[in-house]
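Colleague:
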Amino acid sequence: MPDRDCVGFLQWCLPRLGLRWPGYRKVRRTVCKRVGRRRRALGLGDLEAYRAFLIETPAEWARLDAYCRIPISRFYRDRGVFDYLGLSALPELAERAAARGGRALRCWSAGCASGEEVYTLRVLWDLRVRPDFPGVRLRLLGTDADAILLRRAAAARYQGGSLKDLPAAWRDAAFTRDGEAFVLRPEFRRDIAFQEADIRRGQPDGPFDLVLCRNLVFTYFAPGLQEALQRAIAARLAPGGYLAIGAHERLPAEAGDLVPLAPKLPIYRKAPTPA
Numbered sequence: 000m001p002d003r004d005c006v007g008f009l010q011w012c013l014p015r016l017g018l019r020w021p022g023y024r025k026v027r028r029t030v031c032k033r034v035g036r037r038r039r040a041l042g043l044g045d046l047e048a049y050r051a052f053l054i055e056t057p058a059e060w061a062r063l064d065a066y067c068r069i070p071i072s073r074f075y076r077d078r079g080v081f082d083y084l085g086l087s088a089l090p091e092l093a094e095r096a097a098a099r100g101g102r103a104l105r106c107w108s109a110g111c112a113s114g115e116e117v118y119t120l121r122v123l124w125d126l127r128v129r130p131d132f133p134g135v136r137l138r139l140l141g142t143d144a145d146a147i148l149l150r151r152a153a154a155a156r157y158q159g160g161s162l163k164d165l166p167a168a169w170r171d172a173a174f175t176r177d178g179e180a181f182v183l184r185p186e187f188r189r190d191i192a193f194q195e196a197d198i199r200r201g202q203p204d205g206p207f208d209l210v211l212c213r214n215l216v217f218t219y220f221a222p223g224l225q226e227a228l229q230r231a232i233a234a235r236l237a238p239g240g241y242l243a244i245g246a247h248e249r250l251p252a253e254a255g256d257l258v259p260l261a262p263k264l265p266i267y268r269k270a271p272t273p274a
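Quick note on numbering that gives the first Met the number 0: the sequence shown kicks off at 0 and runs consecutively.
#1: Using three-state DSSP, classify Ser108 as helix, strand or coil.
#2: Assuming Pro130 is part of the beta strand (DSSP E), what are its boundary residues?
#3: Is Cys212 near Ile191, with beta carbons less than 8 Å apart?
#4: Could you have a look at Phe74 and say whether DSSP puts it in helix, strand or coil?
#5: Taking DSSP's pairing of strands, which residues face Val122 in a bridge?
#6: Considering only the beta carbon of each residue, do Leu224 and Gly205 sit closer than 8 Å?
#7: For the beta strand (DSSP E) that Ala180 lies in, which residues bound it at each end?
#8: What are the complete beta strand (DSSP E) segments, minimum 3 residues, inside the segment 173 to 244?
#9: Excluding five sequence neighbours on each side, which residues of the same chain lie with their C-beta closer than 8 Å to the C-beta of Val135?
#10: Just confirm the distance between the C-beta atoms of Ser161 and Arg73, as a whole number of angstroms; I'd bet it's less than 8 Å.
#11: Tell me which residues share the same chain as Phe81 and place their Cβ nearer than 7 Å to its Cβ, disregarding the 5 neighbours each side in the sequence.
#12: Assuming contact is defined by CB atoms lying nearer than 8 Å, are Cys111 and Phe207 in contact in what I supplied?
#13: Which residues does DSSP list as the beta-bridge partners of Val259?
#14: Is the number of C-beta pairs between the segment 175 to 186 and the segment 153 to 167 that are closer than 8 Å three or more?
#15: Would you kindly report the start and end of the unbroken beta strand (DSSP E) that includes Arg156?
#16: Keeping to the same chain, check which residues put their C-beta closer than 8 Å to that of Tyr219; ignore five residues upstream and five downstream.
#17: Locate the alpha helix (DSSP H) running through Arg15, then write down its first and last residues.
#18: Should Pro166 and Phe217 be called a contact, given that it needs their Cβ atoms to be closer than 8 Å?
The structure is reproduced here in structure tokens:
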């Protein structure tokens, strides 16, 4: 498929899906390969024919929307973000929880793909934070629109490339080897739930002490939708809670009560309740 045709097709269809072309520049060929396979399966000659098919067949838009998902993830992706969470944000949240008599912290990973981000937080918590706060639990919820990816997350079985950024000592403590694969040990799967959900259609009930919404909403979604979801996420953050977005993302609107924290890190804190 000529790149010019691919670009033209995406610039036409993405706004109709609530998505934005700039987020797809670098991954456009991945999407167009998927569309090309679908077009050939339908016996359609070119993208113009597929465009006409979309117009005539409203149900096809849902399939196209699925082709536009870019589930790129790995453990400890963007090391600086997780270092900050492990050394600053999570200990601070745990200390506040312990001061209130010890309760569970709640974390939501939106667009969790195959679970790498959720399990990174579990390993980070268990090996770095929990020893100092044994009375505080961390409960994790991962949501994604792709049921196949969520089944992979539940299996907790990964190839070595997915773990290349995870500190080797943590990898050895948290995983067992099964041939070429790494399987997460059962003790690192507790207090974790995965749920099929499209963040555009609704969000889980808060409040959450930490929300990770990285490389999804603020990369691929249209500006108006980004702003609406920013407000929805902020509303689900507990006072004093943290939001982490993608390393190359920025919030689309005034942050309001979301205060940027570390220089050059995409981490925000919701204003705490006044004493």
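Positions of the beta carbon are idealized from the N, C-alpha and C atoms, including for glycine.
Modeller: To lay it out plainly:
#1: strand
#2: Careful: Pro130 lies outside any beta strand (DSSP E) and carries neither H nor E.
#3: no
#4: coil
#5: Its beta-bridge partners do not exist; DSSP assigns none.
#6: No, Cβ-Cβ distance for Leu224 and Gly205 is not below 8 Å.
#7: It spans Ala180 to Leu183 - the beta strand (DSSP E) in which Ala180 sits, taken as one unbroken run.
#8: 174 to 177, 180 to 183, 191 to 195, 207 to 212 and 236 to 243
#9: Ala93, Ala96, Ala97, Gly101, Arg102, Ala103, Leu104 and Arg129
#10: 5 Å
#11: Tyr75, Thr119 and Leu123
#12: no
#13: Residue identity check: residue 259 is Pro in the sequence provided, not Val. Partner(s): Tyr267.
#14: Touching, yes.
#15: Element bounds for Arg156: Arg156 to Gln158.
#16: Result list for Tyr219: Leu18, Arg19, Gly22, Tyr23, Cys67 and Ile69, in chain order.
#17: Segment: none, Arg15 is in no alpha helix (DSSP H) and carries neither H nor E.
#18: No, the Cβ-Cβ distance between Pro166 and Phe217 is not below 8 Å.
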